[in-house]
Amino acid sequence: MKKLLLLVVFCFTINLMSAQLLDNLRVGLESNMAWYNDDKRTGSFEDDVNDDTDKHLRVNSYLKLDYNFLKNFTATVQLESYEPLALLNYSPNFDGTNLGIYSLNYRSEKLEATAGHFYEQFGSGLILRNWEDRQLGLNNALLGGRVKYMPTNFLSLTGLYGKQRVGFETADSDIFGFNTEIDISNIFKLENSSLNLGLSYVGRQEKTNIEDPNFDELTNAFSGRIDFSKGSFYANAEYVAKSDDVYVFNGQLLDDFVNPGSALLFNTGFSKKGFGLDATFRRLENMGFYSEREKTGNVFLENNINFTPALTKQHDYLLSNIFVYQAQSQVVFADPELMEAGEIGGQIDVFYNIKKGTALGGKYGTKLAFNASYWAGLKGNYDYDNLSYDVDYFGFGDKYFSDVSLEIRKKWNKKVNSIFYYVNQYYNQKTIEDNFSGEQIKTNIVVGETTYKFGKIGQSVRLELQKMWSNSENHDWVGGTIEYNASPRLSFYVNDIYNSGTDSSTSENHYYNIGGSFNKGTTRFSLNYGRQRAGLVCVGGVCRFVPEATGLSASLLMSF
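Read in order, the letters of the sequence shown correspond to residues 903 to 1462 in the working numbering.
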């Protein structure tokens, strides 16, 4: 009887420990799959894979485990697989199956410490940002150590060292960083306003094979910033100074062309019930900052130390995302007719709700959103023969891009609501894409969208129609989408865009897609078949080029 009781206690203890272990474990699984097939209209599927691997099948998979133990400790492991190949136009450094991320973390009230991979951002990211975006094929985590110490409620200190992740390897350089955050509001007990100061340093140490180079192996960047808010008003500013950095052309260092860099960012806004305004100004000069100099401007978004997204409206519709601006943060001396040192410009957002019960607001009110952005090169004297430039700090040079949009959201009754959307764009293809034969493209885009809700289980139908007019004979696009939500869990859609213009790569070709998704709890599965237009996929102002392709894609996300 005693042995049986001991056995029961032992089994109960094991089960309890297993339950506790599982309670402390979080699991996330994501798998994105694609089968690229030959298409009579777009041509045979081709890429640069020359081995015997089945190039048509591509799968990106991620398994992330987070485990909490000993109250203050967390361990993180992320297993990644790109078998048999990574999705189209992901970096070739994502190859095979391996550990992508691993770290041990400690956290208490005043101290945080990490050994292994970590993500960090100083300020707005102009000087440092490490993050992961699987849709863009981007993961620039640092592998090393980070310590964050908060000795008081108004002071935070962060120090870090690491090597930047590139695929399953690390860059051949060292990254150092230090950040200070000071909460002035807490020091002076300000109750009705908030005032914060920030100071940052980031250094990149990379050896060079150049004998007696005109630049230091250690590149330094310093940042200072201030954030203020009171009531409905807020404003913040940040300035970055970067020491001399060598110009890189087609992966080659030009030792005779060395310049410092700088960045200025200012943002302000005001909001109250029914109204909001936000304005941003930014100037970038020679602010490309990479963990390996030779990787400057690479198409796979690898080795980025800092974060310089395009500050423009992030559109939701297919036609308004054909001509997408990309921030021009670095020096370009490709040709006497194509010389740049950075960008200058900004954007403004205005939101206004027309009150219910008014003539324009109607029974449910009307929501208006206006956005305008303008970006240009830095005005100055550019000398191609002597590889030099001298720019005016606040001078606006050649126009790169502009975007003006107006969105009207209207609810007609409990079942029907609509969106009317207008966009006017200017796109300097030559300077944005470094395309010598590029056009100066002007477009007008109109979108109409209506959603009809019915049934008692969240059923709805959404219809969307789009039209683009352009000054270019190459581009005359039309598009549409119809979406049916059978329930909050299950939805289906069909969309298509079509160019009746003369562009040889897209003319008279339907880029259609049909698919759907199913959600249950923390699990989501989606399936899609169709054509992918060659162009940019953008997330948060950062863009990755994708080539034209046709095929079947599926995505599975689970967490528990």
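Don't be surprised by glycine CBs; every beta carbon is placed ideally from N, CA and C.
Here the structure is a predicted model, which is why all the values come from computation and not from measurement.
* Asked: How many Å lie between residue 1161 and residue 1329 at the Cα?
  -> 28 angstroms
* **Every unbroken beta strand (DSSP E) within the segment 1241–1266, with a cutoff of 3 residues, ordered by chain** => 1244–1256
* To do: State buried or exposed for residue 936, treating a residue as buried only when at least 16 other CB atoms are found within 10 Å of its CB.
  => buried
* Just tell me which of 1404, 1200, 1029, 1038 has its CA closest to the CA of residue 1142. => 1029
* Tell me the start and end of each unbroken beta strand (DSSP E) in the segment 938–989 that is at least 3 residues and wholly inside, in chain order. => 959–971, 975–984
* Between the Cα of residue 974 and the Cα atoms of 1012, 985, 1070, which residue gives the shortest distance? -> 1012
* Can you give the Cα-Cα distance for residue 918 and residue 1005, rounded to whole angstroms? -> Unreliable positioning characterises residue 918 in this predicted model, as indicated by a pLDDT of 40, which lies under 50. A coordinate reading is not provided.
* **Beta carbon of residue 1243 nearer than 8 angstroms to that of residue 1191** => no
* To do: Using alpha carbons as the reference points, say which of 1221, 1229, 1097 lies closest to residue 1213.
  => 1229
* Please classify residue 988: is it buried, with 16 or more other beta-carbons within 10 angstroms of its beta-carbon, or exposed? => buried
* To do: Report all residues from its chain with a CB closer than 6 angstroms to the CB of residue 1324; omit the five preceding and five following residues, and keep chain order.
  => 1308, 1348
* Asked: How long is the line joining the alpha carbons of residue 1208 and residue 1254, rounded to whole angstroms?
  -> 34 angstroms
* Using 8 angstroms as the Cβ pair cut-off and three pairs as the minimum, do the segment 1042–1051 and the segment 1167–1187 touch? -> no
* Asked: Would the beta-carbon of residue 1416 fall within 8 angstroms of that of residue 1373?
  -> no
* Chain-order list of residues whose beta-carbon lies under 7 angstroms from that of residue 1194 (same chain, five-residue window excluded) -> 1073, 1074, 1075, 1108, 1205
* **Reduced DSSP category for residue 1332 - H, G, I as helix; E, B as strand; rest coil** => helix
* **Where the beta strand (DSSP E) through residue 1087 begins and ends** => Segment 1086–1089 is the alpha helix (DSSP H) holding residue 1087; no beta strand (DSSP E) there.
* To do: Could you name the residues that DSSP lists as bridge partners for residue 1171?
  => 1136, 1180
* Asked: When you compare each of 1379, 1363, 981 to residue 1404 by their alpha carbons, which one comes out closest?
  -> 1379
* Around the Cβ of residue 1051, are there at least 16 other Cβ atoms within 10 angstroms (buried) or fewer (exposed)? -> exposed
* To do: Taking residue 1118 as the reference, give the member of 1147, 1421, 943 with the closest Cα.
  => 1147
* To do: May I ask you to report which of helix, strand or coil DSSP gives residue 993?
  => coil
* Asked: Cα separation between residue 1066 and residue 1077?
  -> 7 angstroms
* Length at least 3, wholly inside the segment 1188–1250: the beta strand (DSSP E) runs in chain order -> 1234–1237, 1240–1242
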